[in-house]
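Sequence lines, in order, name chains L and W.
Be aware that the first sequence starts at 0, since it is given in numbering that gives the first Met the number 0, and climbs by one per residue.
Be aware that the second sequence starts at 0, since it is given in numbering that gives the first Met the number 0, and climbs by one per residue.
Beneath this line is the structure, given in C-alpha cells, with notes to follow.
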Amino acid sequence: MSKVLPDLSDALADAVASAAGGLVRVEGRDRLPATGIVWDAEGLIVTSHHVLERDENINVGFQDGESAEAELLGRDPSTDLALLRTSRRGLDTPTWAEPEGLRVGHLALALGRPGANVRATMGIISALGKAWRTSAGGPVDRYLQTDTVMYPGFSGGPLVDAQGRFVGLNTSALLRGVSITVPAPTLDRVIRDLQKHGSVRRAYLGVGAQPTKLPDAVAKELGQETGLLLVSVETGSAAEEGGLFLGDTLVTLGESHLRHMDDLFNALDGDRIGIPITVRVLRGGELIELTVSPVSHP
Amino acid sequence: MMTTLLPQLNFDLGELADRVRKSLVQVTVERSGAGSGVVFAGDGLVVTNAHVVSGNRRRPPGSGLRVTLPDGAVTAAELLAKDDDLDVALLKIGPGEGKLPELHPIEMGDSRALRPGQWVMAMGHPWGVAGAAAGGIVIGAGPDLPEAPGAAKDWIAVDLALRPGHSGGPLVDHRGRLIGISTMMAGLEVGMAVPVHVIEEFVARVLAAGDAAAAEDDTVLV
Numbered sequence: 000m001s002k003v004l005p006d007l008s009d010a011l012a013d014a015v016a017s018a019a020g021g022l023v024r025v026e027g028r029d030r031l032p033a034t035g036i037v038w039d040a041e042g043l044i045v046t047s048h049h050v051l052e053r054d055e056n057i058n059v060g061f062q063d064g065e066s067a068e069a070e071l072l073g074r075d076p077s078t079d080l081a082l083l084r085t086s087r088r089g090l091d092t093p094t095w096a097e098p099e100g101l102r103v104g105h106l107a108l109a110l111g112r113p114g115a116n117v118r119a120t121m122g123i124i125s126a127l128g129k130a131w132r133t134s135a136g137g138p139v140d141r142y143l144q145t146d147t148v149m150y151p152g153f154s155g156g157p158l159v160d161a162q163g164r165f166v167g168l169n170t171s172a173l174l175r176g177v178s179i180t181v182p183a184p185t186l187d188r189v190i191r192d193l194q195k196h197g198s199v200r201r202a203y204l205g206v207g208a209q210p211t212k213l214p215d216a217v218a219k220e221l222g223q224e225t226g227l228l229l230v231s232v233e234t235g236s237a238a239e240e241g242g243l244f245l246g247d248t249l250v251t252l253g254e255s256h257l258r259h260m261d262d263l264f265n266a267l268d269g270d271r272i273g274i275p276i277t278v279r280v281l282r283g284g285e286l287i288e289l290t291v292s293p294v295s296h297p
Numbered sequence: 000m001m002t003t004l005l006p007q008l009n010f011d012l013g014e015l016a017d018r019v020r021k022s023l024v025q026v027t028v029e030r031s032g033a034g035s036g037v038v039f040a041g042d043g044l045v046v047t048n049a050h051v052v053s054g055n056r057r058r059p060p061g062s063g064l065r066v067t068l069p070d071g072a073v074t075a076a077e078l079l080a081k082d083d084d085l086d087v088a089l090l091k092i093g094p095g096e097g098k099l100p101e102l103h104p105i106e107m108g109d110s111r112a113l114r115p116g117q118w119v120m121a122m123g124h125p126w127g128v129a130g131a132a133a134g135g136i137v138i139g140a141g142p143d144l145p146e147a148p149g150a151a152k153d154w155i156a157v158d159l160a161l162r163p164g165h166s167g168g169p170l171v172d173h174r175g176r177l178i179g180i181s182t183m184m185a186g187l188e189v190g191m192a193v194p195v196h197v198i199e200e201f202v203a204r205v206l207a208a209g210d211a212a213a214a215e216d217d218t219v220l221v
C-alpha cells in the first residue's frame with residue numbers, strides 16, 4: 000500500500016480542522032440548531048434565513064465552547080441568507096477560495112456545527128453554471144451544486160475545498176433534494192445590503208406579467224421577439240400611478256429590453272427606487288412611452 | 000494534467016478492501032436472513048450486531064447460527080453474549096466436525112481518536128452481495144450527534160450508505176483498522192456505527208466472566 004490513501008485521509012481531516020474555527024452553531028429554532036459562518040473579526044455571522052424561525056433570542060456557539068447572544072441584522076429570503084451580529088471580537092475569519100479555481104469533479108466538504116463539534120460530509124462538485132435566480136426571485140452569481148450530504152443542521156455552513164478554504168454557504172432550502180452552495184460573491188453583495196438596510200433592496204412596480212410574442216412589425220422595429228404582458232396591476236401601485244393598464248405589453252424599461260421575466264427582475268435593482276424611469280408599452284397596437292417611479296419592494 | 004495520484008489511490012483502496020475482507024464473515028440465522036460480522040480474535044471470536052442474531056417467538060436467540068468464513072467455509076457458531084442496548088453480540092465459531100481454518104483477526108483501531116473528515120470504509124454483504132465495500136468519511140463521533148438514536152450513546156456517523164446486510168460488518172480506517180461495527184442508517188445516506196471502544200469494553204466484560212459482573216448492564220449471557 001502506498002501513502003496516498005493515508006495522506007488523503009489526513010488531508011481531509013486537516014482541512015476540516017483548519018476550517019473549524021470559522022464555523023459557529025446557530026440556535027434560532029426550537030428543534031436542531033444549525034450552522035453559521037464567521038464573516039469578519041467584528042462579530043458578524045452569516046447563516047441561512049430558513050434556520051432562524053425567530054427574530055430574537057438567537058444564540059451563537061463558537062469553536063472554543065463559548066456562546067453569545069446574537070442580534071439579527073437582516074434577512075434575505077430570496078437567497079435564503081441572514082446576517083447576525085454578536086459582541087464577540089477577534090474571531091478567526093475563514094480563508095476564502097478564489098471562485099475561478101473550482102472545477103466539476105473536485106473534492107469538496109460540507110461542514111456544519113449543529114452541536115458542540117464540527118461535522119463533515121464529503122462529495123464532489125457536481126455542476127457549475129451561470130448566474131441564476133431562485134424561485135423567490137433572488138439573484139445568485141453562480142450555480143454551484145455538489146453531491147455532498149446535507150446532514151441535519153448543516154444549512155448555513157460552508158462548502159470548503161480540499162485545502163479547507165471556504166467556497167460558499169450551503170443551504171438545503173433553495174432547491175429541493177439538491178445540495179446548493181451560495182457562492183462568495185453573492186454572500187458579499189447580500190451581506191453589504193443587509194448591513195446597510197437590514198434587507199436586500201429591490202425596486203417594485205406592483206405588476207404581474209408574463210412573456211408574450213410581439214406582432215412581427217413591432218418585433219422588427221424593436222429588435223426583440225417578446226415583451227411582458229401585464230396580467231395584473233395593483234391598486235395604488237407605482238405602475239398604476241404611472242398610467243400602466245392591465246393588458247399593456249412592456250417592451251423596455253429605461254435602457255433595458257424586457258424579453259423575459261428575468262429582464263424585468265434585473266432592471267428593478269435597488270438603485271431604481273424612487274427614480275422616475277421611462278417605460279415603453281405596446282397598447283392597442285401602438286408603442287407609447289410612460290414614466291414610472293418604482294418603490295421599495297414591500 | 001493527470002498525475003499518478005488517482006491510480007495510486009485506487010490501488011490503496013483495493014489493497015485495503017482485500018485486507019479487510021480476510022476478517023469479514025457472514026452471519027446467518029436459520030430462516031431469518033443474514034448480516035455481517037468480523038473476526039475479532041484468532042480463537043474464533045466473531046463480533047456482530049445483536050439485531051443480526053436476535054431470535055423470534057418461535058426460536059430463541061442463538062439457535063441455528065451459521066458463520067460463513069472468508070474462504071467460503073460454513074461453520075456453526077455459538078452465541079456467547081449479546082447486548083440489545085449496545086446492539087453488539089459476541090459469537091464463537093466452533094470447529095464442528097472438521098478443523099477450523101486459519102482465522103485472520105482484524106487489527107484494532109482507536110475510535111476515540113477519530114477526526115471528522117478522515118477516510119473510512121464499511122465492508123459487508125449489502126442486499127446479500129458478498130464482501131462489498133462502501134467508502135466515505137467520518138461525519139462525526141461521540142454522543143452529541145444530531146438525530147443519533149439513543150440519548151448520550153456513543154456513535155460514529157459516517158458519510159456512506161449502509162444497507163441491509165451491512166449490519167454487524169467492520170467499519171475500518173484508512174489502514175484497515177477496526178473503528179466500529181456498521182449498525183444502522185440515519186436517513187438514506189448516513190450510516191451509524193458502534194465505536195470499537197464500546198465493543199472492546201463489551202467483549203472484555205463478557206470474557207472476564209461467566210461471573211455476575213458480565214450479566215449486568217443488559218448483557219444477556221446465554
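Ideal Cβ placement from N, Cα and C applies to all residues, glycine included.
Please read all numbers here as calculations on a predicted model, not as lab measurements.
Practice prompt. With distances taken Cα to Cα, identify the nearest neighbour of ASP17 of chain W among W:ALA131, W:ALA192 and W:ALA203.
Written response: Numbered from its first residue, the second sequence carries residue 17 of chain W at position 18. Taking only the C-alpha atoms, the option nearest ASP17 of chain W is W:ALA131.
Discussion item. So within the region 242-278 of chain L, which uninterrupted beta strand (DSSP E) runs reach at least 3 residues, ignoring any that extend past its ends?
Written reply: Complete beta strand (DSSP E) runs here, min 3: 248-252.
Worksheet item: What's the C-alpha gap between ASP143 of chain W and ALA156 of chain W?
Response: In the second sequence, the residue the question calls residue 143 of chain W occupies position 144. In the second sequence, the residue the question calls residue 156 of chain W occupies position 157. Distance between the alpha carbons of ASP143 of chain W and ALA156 of chain W: 11 Å.
Worksheet item: At a CB-CB cut-off below 8 Å, which residues of chain W make contact with ALA119 of chain L?
Response: Residue 119 of chain L sits at position 120 when you count from the first residue of the first sequence. Against ALA119 of chain L, the close residues of chain W are PRO115, GLY116, ILE136, VAL137, ILE138, GLY139 and ASP158, in the order they occur along the chain (beta-carbon pairs closer than 8 Å).
Discussion item. Residues of chain W with CB closer than 8 Å to the CB of ASN116 of chain L, please, in chain order.
Written reply: Within the first sequence, numbered from 1, the residue matching residue 116 of chain L stands at position 117. The answer, in chain order, is PRO115, GLY139, GLY141 and ASP143.
Discussion item. Helix, strand or coil, according to DSSP, for LYS98 of chain W in the structure here?
Written reply: Position 99 of the second sequence holds residue 98 of chain W. In the three-state DSSP reduction, LYS98 of chain W falls in the coil class, being neither helix nor strand.
Discussion item. Given a cut-off of 8 Å on the beta-carbon distance, is the pair VAL28 of chain W and VAL45 of chain W in contact?
Written reply: Reading the second sequence from its first residue, position 29 is the one you call residue 28 of chain W. Reading the second sequence from its first residue, position 46 is the one you call residue 45 of chain W. Not a contact, by the Cβ cut-off of 8 Å.
Fill in: Residues sharing a beta bridge with MET122 of chain W, DSSP
Translated into positions along the second sequence, residue 122 of chain W becomes position 123. W:ALA132.
Worksheet entry | Interfacial residues, the region 156-186 of chain L to chain W, with Cβ spacing under 7 Å | Flagged: no residues at all.
Discussion item. Does ALA69 of chain L pass the burial test, meaning 16 or more other C-beta atoms within 10 Å, or should it be called exposed?
Written reply: Residue mapping note: residue 69 of chain L aligns to position 70 of the first sequence, counting from 1. So ALA69 of chain L counts as buried.
Worksheet item: List, in order along the chain, the chain L residues whose C-beta lies closer than 7 Å to that of PHE10 of chain W?
Response: Along the second sequence, one-based indexing puts residue 10 of chain W at 11. Those are SER1, listed as they occur along chain L.
Fill in: Neighbour list for VAL189 of chain W in chain L, Cβ cutoff strictly below 7 Å
Residue numbering aside, residue 189 of chain W sits at position 190 when the second sequence is read from its first letter. Think of a sphere of 7 Å around the beta carbon of VAL189 of chain W: the chain L residues whose beta carbon falls inside it are VAL148 and TYR150, in chain order.
Worksheet item: Going by alpha carbons, who is nearest to SER171 of chain L out of L:GLU224, L:GLY226 and L:GLY111?
Response: Your numbering for residue 171 of chain L matches position 172 in the first sequence. Per the C-alpha coordinates, the member of L:GLU224, L:GLY226 and L:GLY111 positioned closest to SER171 of chain L is L:GLY111.
Worksheet item: Taking just the CA atoms, how far does LEU281 of chain L sit from LEU245 of chain L?
Response: Against the first sequence, residue 245 of chain L aligns to sequence position 246. Against the first sequence, residue 281 of chain L aligns to sequence position 282. Distance between the alpha carbons of LEU245 of chain L and LEU281 of chain L is about 12 Å.
Worksheet item: Around the C-beta of GLU77 of chain W, are 16 or more other C-beta atoms found within 10 angstroms, so that it is buried, or is it exposed?
Response: Here residue 77 of chain W corresponds to residue number 78 of the second sequence, with the count starting at 1. Burial call: exposed.
Fill in: Outcome for GLN25 of chain W when other beta-carbon atoms lying within 10 angstroms are tallied against a minimum of 16
As a first step, residue 25 of chain W is located in the second sequence; it is residue number 26 there, counting from the start. Note on GLN25 of chain W: 16 or more other CB atoms within 10 angstroms of its CB, so buried under the neighbour-count rule.
Discussion item. Taking contact to mean 3 or more Cβ pairs, one atom from each stretch, closer than 8 Å, check whether the region 191-209 of chain L and the region 141-155 of chain L are in contact.
Written reply: Output reads no: the region 141-155 of chain L does not touch the region 191-209 of chain L.
Worksheet item: When DSSP labels each residue in this structure, what does ALA214 of chain W get in the three-state scheme?
Response: In the second sequence, residue 214 of chain W corresponds to position 215, counting from 1. Below a pLDDT of 50, predicted positions are generally treated as unreliable, and ALA214 of chain W, at 44, falls in that range; no measurement from the model is reported.
Item to complete: Quickly, what does DSSP pair VAL37 of chain W with across the bridge? List them, please.
Response: To locate residue 37 of chain W, count along the second sequence from 1; it is residue 38. BP columns for VAL37 of chain W point to W:LEU23 and W:VAL46.
Worksheet item: Is PRO5 of chain L close to chain W, meaning its C-beta is less than 8 Å from at least one C-beta of that chain?
Response: Here residue 5 of chain L is taken as the residue at index 6 of the first sequence, counted from 1. Interface annotation, PRO5 of chain L: in contact with chain W, CB-CB separation under 8 Å.
Discussion item. Determine, for HIS173 of chain W, whether the minimum Cβ-Cβ distance to residues of chain L falls below 8 Å.
Written reply: Numbered from 1 along the second sequence, position 174 holds the residue referred to as residue 173 of chain W. So yes, HIS173 of chain W belongs to the interface.
Item to complete: Could you pull the start and end residues of the alpha helix (DSSP H) that GLN194 of chain L belongs to?
Response: The residue given as residue 194 of chain L occupies position 195 in the first sequence. For GLN194 of chain L, the enclosing alpha helix (DSSP H) starts and ends at 183-196.
Worksheet item: For the region 13-34 of chain W, which residues have a CB atom closer than 8 Å to at least one CB atom of chain L, in sequence order?
Response: Listed by position along the chain: GLU14 and LEU15.
Item to complete: Quick one: list the residues of chain W neighbouring ALA16 of chain L, beta-carbon separation under 9 Å, in chain order.
Response: As a first step, residue 16 of chain L must be located in the first sequence, where it is residue number 17. Simply ARG114, PRO115 and GLY116.
Discussion item. 8 Å is my cut-off, CB to CB: does THR218 of chain W come that close to chain L?
Written reply: For this step, residue 218 of chain W is matched to residue 219 along the second sequence. Confidence at THR218 of chain W is low in this model, with a pLDDT of 49, below 50, so the placement of that residue is unreliable and no value is reported for it.
Worksheet item: Helix or strand or just coil, what does DSSP make of LEU281 of chain L?
Response: Here the question's residue 281 of chain L lines up with position 282 in the first sequence. If DSSP states are grouped into helix, strand and coil, LEU281 of chain L belongs with the strands.
Worksheet item: Within this structure, are the beta carbons of GLN209 of chain L and VAL232 of chain L separated by less than 8 Å?
Response: Reading the first sequence from its first residue, position 210 is the one you call residue 209 of chain L. Reading the first sequence from its first residue, position 233 is the one you call residue 232 of chain L. It is not a contact, given that the beta carbons lie outside the stated cut-off.
Fill in: C-alpha gap between VAL103 of chain L and ASP160 of chain L, whole angstroms
Within the first sequence, residue 103 of chain L is the residue found at index 104, counting from 1. Within the first sequence, residue 160 of chain L is the residue found at index 161, counting from 1. About 12 Å.
Worksheet item: Can you name the residues that DSSP bridges to GLY136 of chain L?
Response: Along the first sequence, read from residue 1 onward, the residue named residue 136 of chain L stands at position 137. Its beta-bridge partners do not exist; DSSP assigns none.
Worksheet entry | Rounded C-alpha distance that separates GLY60 of chain L from MET122 of chain W | Mapped onto the first sequence, residue 60 of chain L falls at position 61. Mapped onto the second sequence, residue 122 of chain W falls at position 123. Here the alpha carbons of MET122 of chain W and GLY60 of chain L stand approximately 37 Å from one another.
Practice prompt. Could you please give the first and the last residue of the uninterrupted beta strand (DSSP E) stretch that includes PHE165 of chain L?
Written response: Taking the first sequence and counting its residues from 1, one reaches residue 165 of chain L at position 166. Start and end: 165-170.
Practice prompt. Kindly indicate which residue of L:PHE264, L:GLY35 and L:LEU221 has the alpha-carbon position closest to the one of ASP298 of chain L.
Written response: For residue 298 of chain L there is no data in the structure shown, the boundaries of chain L being 0 and 297.
Item to complete: Please list the segments of the beta strand (DSSP E) lying wholly inside the region 48-104 of chain L, counting only runs of 3 or more residues, in order along the chain.
Response: Complete beta strand (DSSP E) runs here, min 3: 57-60, 66-75 and 80-85.
Practice prompt. Under 8 Å between beta-carbons, which chain L residues line up against LEU4 of chain W? List them in chain order, please.
Written response: Taking the first residue of the second sequence as position 1, residue 4 of chain W is located at position 5. Those are VAL3, listed as they occur along chain L.
Worksheet item: Where does GLN144 of chain L fall in DSSP's three states?
Response: Here residue 144 of chain L refers to the residue found at position 145 of the first sequence. Under the three-state reduction of DSSP, GLN144 of chain L is assigned to strand.
Worksheet item: Taking the alpha helix (DSSP H) that ILE105 of chain W falls in, what are its first and last residues?
Response: The sequence position of residue 105 of chain W within the second sequence is 106, counting from 1. From DSSP, ILE105 of chain W is part of no alpha helix (DSSP H); its letter is neither H nor E.
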